[in-house]
Amino acid sequence: MHAPRSQNYLNATVGIRSWLLTTDHKRIALLYFAGITFFFLIGGIAATLIRLELITPQPDLGSPDFYNRLFTMHGIIMVWFFLIPSIPTTMGNFMIPLMIGARDLAFPRLNLLSWYLYIAGGLITIAALLLGGVDTGWTFYEPYSTFYATGYLILAVFGIFVAGFSSILTGLNFIVTVHKLRAPGMTWYRLPVFVWSTYATSLILVLATPVLAMTLLMLLAERVLHVGIVSPQRGGDPLLFQHMFWFYSHPAVYIMILPSMGVISEVVPCFSGKPLFGYYFVVWCSIAIAAIGFLVWGHHMFVAGMSLYASLAFSFLSYLVAVPSAIKVFNWVATMHEGWIRFDAPMLYAFGFIGLFTIGGLTGLMLAALAVDVQVTDTYFVVAHFHYIMVGGAVMGFFAGLHYWWPKISGRLYPDYWARFAAILAFFGFNLTFFPQFILGYLGMPRRYQSYPPEFQIWNVLSSAGASILAVGYALPLFYLAWSILKGPRASADPWGATGLEWTTSSPPPTKNFPKIPTVIRPPYQYDQGVPCTQSKDG
Amino acid sequence: MHGFPWWPPTASAYATRVNFLFSSLLIIAALTVGLVIFLLAFFATKYRHGSNAVRHQPTKKTWRWEVGWTTASLLIFVGLAVWGGDLYVHLYNPPPNAMQIFIVGKQWMWKAQHPGGQREIDELHVPVDEDVRLVMASQDVIHSFFIPALRIKQDVVPGRYETMWFRADKVGRYHLFCAEYCGTDHAHMGGWIYVMSPRDFADWLQAQGGQQTLAAQGERLFRSYGCSGCHEPGGTVRAPSLEGVFGGPVPLSDGSVVTADEHYIRDSILNPQAQVAAGYQPVMPTFAGQISEDDLAKLVAYIESVGPKRSGAR
Numbered sequence: 001m002h003a004p005r006s007q008n009y010l011n012a013t014v015g016i017r018s019w020l021l022t023t024d025h026k027r028i029a030l031l032y033f034a035g036i037t038f039f040f041l042i043g044g045i046a047a048t049l050i051r052l053e054l055i056t057p058q059p060d061l062g063s064p065d066f067y068n069r070l071f072t073m074h075g076i077i078m079v080w081f082f083l084i085p086s087i088p089t090t091m092g093n094f095m096i097p098l099m100i101g102a103r104d105l106a107f108p109r110l111n112l113l114s115w116y117l118y119i120a121g122g123l124i125t126i127a128a129l130l131l132g133g134v135d136t137g138w139t140f141y142e143p144y145s146t147f148y149a150t151g152y153l154i155l156a157v158f159g160i161f162v163a164g165f166s167s168i169l170t171g172l173n174f175i176v177t178v179h180k181l182r183a184p185g186m187t188w189y190r191l192p193v194f195v196w197s198t199y200a201t202s203l204i205l206v207l208a209t210p211v212l213a214m215t216l217l218m219l220l221a222e223r224v225l226h227v228g229i230v231s232p233q234r235g236g237d238p239l240l241f242q243h244m245f246w247f248y249s250h251p252a253v254y255i256m257i258l259p260s261m262g263v264i265s266e267v268v269p270c271f272s273g274k275p276l277f278g279y280y281f282v283v284w285c286s287i288a289i290a291a292i293g294f295l296v297w298g299h300h301m302f303v304a305g306m307s308l309y310a311s312l313a314f315s316f317l318s319y320l321v322a323v324p325s326a327i328k329v330f331n332w333v334a335t336m337h338e339g340w341i342r343f344d345a346p347m348l349y350a351f352g353f354i355g356l357f358t359i360g361g362l363t364g365l366m367l368a369a370l371a372v373d374v375q376v377t378d379t380y381f382v383v384a385h386f387h388y389i390m391v392g393g394a395v396m397g398f399f400a401g402l403h404y405w406w407p408k409i410s411g412r413l414y415p416d417y418w419a420r421f422a423a424i425l426a427f428f429g430f431n432l433t434f435f436p437q438f439i440l441g442y443l444g445m446p447r448r449y450q451s452y453p454p455e456f457q458i459w460n461v462l463s464s465a466g467a468s469i470l471a472v473g474y475a476l477p478l479f480y481l482a483w484s485i486l487k488g489p490r491a492s493a494d495p496w497g498a499t500g501l502e503w504t505t506s507s508p509p510p511t512k513n514f515p516k517i518p519t520v521i522r523p524p525y526q527y528d529q530g531v532p533c534t535q536s537k538d539g
Numbered sequence: 001m002h003g004f005p006w007w008p009p010t011a012s013a014y015a016t017r018v019n020f021l022f023s024s025l026l027i028i029a030a031l032t033v034g035l036v037i038f039l040l041a042f043f044a045t046k047y048r049h050g051s052n053a054v055r056h057q058p059t060k061k062t063w064r065w066e067v068g069w070t071t072a073s074l075l076i077f078v079g080l081a082v083w084g085g086d087l088y089v090h091l092y093n094p095p096p097n098a099m100q101i102f103i104v105g106k107q108w109m110w111k112a113q114h115p116g117g118q119r120e121i122d123e124l125h126v127p128v129d130e131d132v133r134l135v136m137a138s139q140d141v142i143h144s145f146f147i148p149a150l151r152i153k154q155d156v157v158p159g160r161y162e163t164m165w166f167r168a169d170k171v172g173r174y175h176l177f178c179a180e181y182c183g184t185d186h187a188h189m190g191g192w193i194y195v196m197s198p199r200d201f202a203d204w205l206q207a208q209g210g211q212q213t214l215a216a217q218g219e220r221l222f223r224s225y226g227c228s229g230c231h232e233p234g235g236t237v238r239a240p241s242l243e244g245v246f247g248g249p250v251p252l253s254d255g256s257v258v259t260a261d262e263h264y265i266r267d268s269i270l271n272p273q274a275q276v277a278a279g280y281q282p283v284m285p286t287f288a289g290q291i292s293e294d295d296l297a298k299l300v301a302y303i304e305s306v307g308p309k310r311s312g313a314r
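So the protein sequences, as listed, match chains A and B. One point on numbering: in my numbering, the residue at position 345 of the first sequence is 345, and numbering is uninterrupted. One point on numbering: in my numbering, the residue at position 196 of the second sequence is 196, and numbering is uninterrupted.
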């Protein structure tokens, strides 16, 4: 624009080397944004093809083997290369040092290594999927994977294995950073909830991901080295594989949703102009979810041939883990009571999150009821349920955070009208896509079916129609955010009237984040009659 | 297209009870979602920025609310866990005199063997108002036997028997699916369950032809595989007689006692060294990889038929 802007992390150095060899957490976050967007696009294309295929009851686009590869690719890419890294590696990477008043993460070079591991793992997996694909589903159940799977299973599994180290190192980095690099006065109970929930997520990343690595190694040992562990053909037990797999993959759901809950806990107080209701409860609910989340994996196996008593215990524990999630929803709603509520795009995404997450959670309660689970497990009911949590919840939270922090990240404002339109479109598109799948599920339509009985068609048509709307809702931000980088008005340091330390520094922040390390004098989310009181005394 | 089917057919008393639980959960969910959406809309309207609604100082004693809704959630959740679990336990308690059908799953078909020796593929004919127990095995990967109209589903894990039972109470034709992904033709691994009136069922059995019963076929195998050489009086090797064994307790050489159900018989044929009957030497060779699931089912049916009176094989 007119006057040359002061130096910031974006223009401090130039050239491709300055990006690929950077150790600045903010630049690494942008590298992750590029990766996340790429993998979301690939996974989204697979999803689009799946919904196209399912418009009619008979095969249309390709053979059954093609369809099996399609949903496997969708699952693998979306779970390991989009959802799990999505918020922590982008907004977590960018915001945690800013929110706690630090100049960077504890281990900046480890942070860059994590990105390279993530990209390497992703490219290996993409190569496997392009060379011939994988037909196991993202769950790799045994003995199918050892004896009957075709395609490039070993390569894909190796890619996921590599990317797992990115998760572990990122989690480790965040834990050490939160422990050691908080600014003076930033006590644990003055930490914003986003930091707490990313911290809880990091605990899961560090504790659960190694179990995934072991599980994948077991699979490789069986398939490549012919060691009998989990296949009855070699004297193993297939349920052992499922126990190990879900011991990681259930906590992985909380890796996806906890950071989104953190984002919502930032957005709701900001746009309500009020402190977060029940800060301590929300904080400890994050920790409780991370802890109890390790004890519920068996609810994926109620019809798998597990003991009756194991099922009863896992059902009870699954209800227990729902309590802290319910508490959070009530706290967000209560925060709005007697507030000064504004309806900017981040808040609309947050509304969407609360509504969709509530539906996802309540259908989770239905699944935890053993007799109902017997009917709807492995059907579209489960597909709808986890998409409400992971897409309605985690992705809505991702977009809420993206729109909330975009002015800080890019230094630019986006057109709010378009952003609100995209939020509303995504909300309606999402419900039209996934609500019919609940009905399909109770009717009994199994998942992973390319062809299905004709009476199920109407709900599949509605679902596919919804998917086309959802796709537009997700694609729009790509355009107006790109526009904002080129033409958007400059953002002030605190465009929303928020209270966190990240809003006390300029937008975009300087390379070292703060001219001087701030001193924190009060808890987060303090408002006086809707007017923000920032956490540091300089702010 | 076929209109808007929104509720599956319900063909057993158990399915009706699942409907009731599911409907109750739906109502609880609808009320909760309704409350959350109402509060969001109400607060968003009343306390929108610029409205002149009265705002007090933010409440400090939030813990009363927290304890309130935590307790309420917990109590409701525990209630639901007990309700769902109670119904589920029902699935694990088959009535003693159920008619027994052997099911074998393989890529990509379901094979059924009736006690009378009748066989069918991707179809299952059963009589109405009668307890039916399925003993299921898989020849390759994990499959899942799923009958939506009866609200029952069970994964069939290779290497062991899984069981499931039902009592259909409505004559009709219902979907049978494989619910666990099993490869290329997973979506085509299924067919129909026919619930028939007793007379129609008897006619159907008749029409399948006059083959030997499953137990009789098993007896023939018992001789051709050489089992009878040891397990019948006068054998060359001392082995336990199998008459009257089925369903009763078997003391093992390690001092423990197992029940001689179909799981035990199956394991004893395929992995005889694992559980050796007390007083006998572990000399029996394994038959793993030599006997198909179909033949195993016949052998089990035979051993069951020479057991004490259990009218499982009618």
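Positions of the beta carbon are idealized from the N, C-alpha and C atoms, including for glycine. All of these numbers come straight from a predicted model, not from anything done at the bench.
Practice task
Specify the secondary structure class of serine 305 of chain B as computed by DSSP and reduced to three states.
Solution key: helix
Practice task
Output yes or no for whether 8 Å exceeds the beta carbon distance between arginine 258 of chain A and alanine 200 of chain A.
Solution key: Sequence inspection shows leucine at residue 258 of chain A; the arginine mentioned does not correspond to that position. In contact: leucine 258 of chain A and alanine 200 of chain A (Cβ atoms closer than 8 Å).
Handout entry: Separation of asparagine 97 of chain B from glycine 190 of chain B, as counted between CA atoms
Key = 27 Å
Practice task
Could you work out which residue in A/Ala369, A/Gly360, A/Leu365, A/Trp503 is closest to alanine 384 of chain A when comparing CA atoms only?
Solution key: A/Gly360
Practice task
Taking the CB atoms as reference points, tell me whether alanine 185 of chain A and valine 520 of chain A lie closer together than 8 Å.
Solution key: Looking at the sequence itself, residue 185 of chain A is glycine, so the reference to alanine does not match. Yes. Within cutoff.
Practice task
Could you tell me if leucine 296 of chain B is buried or exposed, where buried requires 16 or more neighbouring beta carbons within 10 angstroms of its beta carbon?
Solution key: buried
Handout entry: Residue-chain proximity (leucine 39 of chain B, chain A), Cβ-Cβ < 8 Å
Key = yes
Exercise for the section: Following the continuous alpha helix (DSSP H) through valine 67 of chain A, name the residue where it begins and the one where it ends. Expected result: Before going further, note that residue 67 of chain A is tyrosine rather than valine in the sequence given. Per DSSP, tyrosine 67 of chain A belongs to the alpha helix (DSSP H) from 64-76.
Handout entry: Secondary structure, beta strand (DSSP E): runs of 3+ residues fully inside the stretch 131-169 of chain B
Key = 132-138, 143-147, 152-156, 162-166
Exercise for the section: Say whether the stretch 109-117 of chain A touches the stretch 208-221 of chain A, bearing in mind that this needs 3 or more beta-carbon pairs closer than 8 Å, one atom from each stretch. Expected result: no
Practice task
For methionine 158 of chain B, go through chain A and note every residue whose CB falls closer than 8 Å to its CB, in chain order.
Solution key: The question names methionine, but residue 158 of chain B in the sequence shown is proline. Chain A residues near proline 158 of chain B: Pro143, Pro232, Gln233, Pro238.
Exercise for the section: Kindly say whether glutamate 262 of chain B, judged by its beta-carbon, lies nearer than 8 Å to any beta-carbon of chain A. Expected result: no
Handout entry: As assigned by DSSP and simplified to three states, the class of glycine 539 of chain A
Key = With a pLDDT of only 49 at glycine 539 of chain A, under 50, the local geometry of the prediction cannot be trusted, and no value is derived from it.
Problem - Among A/Val531, A/Gly298, A/Ala371, A/Arg27, nearest to proline 108 of chain A - alpha-carbon criterion - result: A/Arg27
Problem - Which listed residue (B/Ser305, B/Leu39, B/Phe20, B/Leu252) has its alpha carbon closest to that of glutamine 281 of chain B - result: B/Leu252
Exercise for the section: Counting only the same chain and skipping the five closest in sequence on each side, list residues whose C-beta sits under 7 Å from that of threonine 10 of chain B. Expected result: Thr16, Asn19, Ala149
Problem - Neighbour-count burial assignment, aspartate 135 of chain A, 16 or more Cβ in a 10 Å radius - result: buried
Handout entry: Given 8 Å, three or more beta-carbon pairs between the stretch 405-414 of chain A and the stretch 508-519 of chain A
Key = yes
Exercise for the section: Using three-state DSSP, classify threonine 379 of chain A as helix, strand or coil. Expected result: strand
Handout entry: glycine 278 of chain A versus phenylalanine 427 of chain A: straight-line alpha-carbon distance, rounded
Key = 27 Å
Exercise for the section: Kindly indicate which residue of B/Ser241, B/Leu242, B/Ile303, B/Leu221 has the alpha-carbon position closest to the one of glutamine 290 of chain B. Expected result: B/Leu221
Problem - Unbroken stretches of the alpha helix (DSSP H), 4 residues or longer, contained in the stretch 262-320 of chain A - result: 279-292
Handout entry: CB contact check: isoleucine 28 of chain A to chain B, cutoff 8 Å
Key = no
Practice task
Flag this pair as yes or no: are the beta carbons of tyrosine 47 of chain B and tryptophan 297 of chain A separated by less than 8 Å?
Solution key: no
Practice task
Alpha carbon to alpha carbon, how far is alanine 47 of chain A from glycine 364 of chain A? Give it in angstroms, no decimals.
Solution key: 23 Å
Problem - Within chain A, partners of proline 233 of chain B - CB distance below 7 Å - result: Here the premise fails: no neighbours, minimum Cβ distance about 34 Å.
Exercise for the section: Could you spell out the range, first to last residue, of the alpha helix (DSSP H) harbouring glycine 488 of chain A? Expected result: Segment: none, glycine 488 of chain A is in no alpha helix (DSSP H) and carries neither H nor E.
Handout entry: Three-way DSSP call (helix, strand, coil) for phenylalanine 320 of chain B in this model
Key = Since the first and last residues shown for chain B are 1 and 314, residue 320 of chain B lies out of range.
Exercise for the section: Closer than 7 Å by beta-carbon distance: list the chain B residues that pair up with serine 311 of chain A, in chain order. Expected result: Tyr88
Exercise for the section: Following the continuous alpha helix (DSSP H) through glutamate 262 of chain B, name the residue where it begins and the one where it ends. Expected result: 262-270
Practice task
Please work out which residues of its chain come closer than 8 Å, Cβ to Cβ, to tyrosine 9 of chain A, disregarding the five sequence neighbours upstream and downstream, and give them in chain order.
Solution key: Asp24, Lys26, Arg27, Pro508, Pro509, Pro510, Thr511
Handout entry: Cβ-based burial, asparagine 52 of chain B [other Cβ within 10 Å; buried from 16]
Key = exposed
Handout entry: Per DSSP, the bridge partner or partners of glutamine 526 of chain A
Key = A/Cys533
Handout entry: Stretch-stretch touch, CB-based, cutoff 8 Å, three pairs: the stretch 64-75 of chain B with the stretch 100-111 of chain B
Key = no
Problem - the stretch 327-357 of chain A: positions lying closer than 7 Å to chain B by Cβ - result: Ile327, Val329, Phe330, Val333, Ala334, Met336, His337, Glu338, Gly339, Trp340, Ile341, Arg342, Phe351, Ile354, Gly355
Handout entry: CB of leucine 110 of chain A within 8 Å of CB of leucine 169 of chain A, strictly
Key = yes
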